[in-house]
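Counting from 1, position 84 in the sequence shown corresponds to residue 576 in this note's numbering; the numbering is continuous, with no gaps. Beta carbons are placed, not taken as given, at the ideal position from N, Cα and C, and that holds for glycine. In what follows, a single structure is set out as structure tokens and then discussed.
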Amino acid sequence: MPPRSFGAIVRPAYRDLEVLHAECEAKRPRIDARLADFRHIGRMPDERLFEELCFCILAVQSKARPSEAAVSALREAGLLWSGRRPEVASFLRHRTRFHNHKAAFIVRARERFFPDGNGVLAGTLNSFTSSKDAREWLVREVDGVGLKEASHFLRNTGRGEDLAILDRHILRNLVRHGVIRGMPHTLTAKRYVEIEARMERFSRDVGIPMAMLDLIFWSRETGEIFK
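So, in structure tokens, the structure goes:
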């Protein structure tokens, strides 16, 4: 048996990297512009941040475009800021899945982050020096928000470009490139963090930032660079 080499660095067997880098170069201008949009949103008032949080809540097991439209419709109907849970749920009935649960989550988040009519969301988020600390806080504080939704919200507000948003689109592409061996049957918090660490390593190894990888992968599956 040959001696074991303790000094060697063993890299995973990544696949399709030429395709990935070519796609990165082709989409880079649009992705850079989209990330700049997210950072701009992050500097806007608490009301705009709350709308983005509502989008992330509604997008759970639902498509992004209809979720965005549902938030706009809630705002235009005057329900986003003053609607009670039954009213919001009734309005969302034909606009999203799990409308009763999501209505409750939105109303609770509104009460949590606008306790006296003044927003406290931006100030609290800005107190964190780590995106992962901010994510843990959101998961604790917001019903209906797990690691994926919190990561999504933080990225969409310019505060989490180093986080992984592990939905099925991203996971399928991690399998394609050899980052993980297969689609996980369940995604516990522990498993989420483990896969995120693998994606972080992949990002460093291939020289493509996490947020850019996310939007490349997402656009492959949906045909657009959205959010």
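Determine contact between the region 666 to 681 and the region 646 to 654, defined as no fewer than three beta-carbon pairs at a distance below 8 Å.
-> The answer is no - the region 646 to 654 does not touch the region 666 to 681, with fewer than three Cβ pairs under 8 Å.
With contact counted as at least three CB pairs below 8 Å, one residue from each stretch, are the region 570 to 590 and the region 657 to 670 in contact?
-> no
Taking the alpha carbon of F547 as the point to measure from, which residue in I523, D508 and F597 has its own alpha carbon closest?
-> Of the candidates I523, D508 and F597, the one whose C-alpha sits nearest the C-alpha of F547 is F597.
Can you give the beta carbon distance from S554 to R589, rounded, assuming they're within the 8 Å contact cut?
-> 5 Å
Cutoff 7 Å; reference D654; Cβ partners in own chain excluding five residues on either side | S623 and M702
Under 9 Å between C-beta atoms of L705 and S695 | yes
Start and end residues, alpha helix (DSSP H) containing A601 = H591 to F605
For L630 versus A642, is the C-beta spacing smaller than 9 Å?
-> Yes.
V580 vs A561 beta-carbon contact at 9 Å | no
Buried versus exposed call for K719 [16 or more other C-beta atoms within 10 Å across all chains shown] | buried
Beta-carbon proximity list for A626, same chain, < 7 Å, skipping 5 on both sides | L617, F620, L646 and R651.
P521 - DSSP class collapsed to helix/strand/coil = In the three-state reduction of the DSSP assignment, P521 falls in the helix class, which pools H, G and I.
Cut-off 8 Å between Cβ atoms - residues of its own chain near V667, not counting five sequence neighbours on either side = R673, G674 and M675
Using three-state DSSP, classify K555 as helix, strand or coil.
-> In this structure, K555 counts as coil in the three-state DSSP scheme.
Where E544 and H532 are concerned, what is the direct C-alpha to C-alpha distance, given to the nearest angstrom?
-> 12 Å
P578, DSSP secondary structure in three states | helix
Can you tell me whether DSSP reads M536 as helix, strand or coil?
-> coil
Reference E603, options E539, N665, G715 and G638, closest by Cα | E539
Assign E543 to one of three DSSP states: helix, strand, or coil.
-> helix
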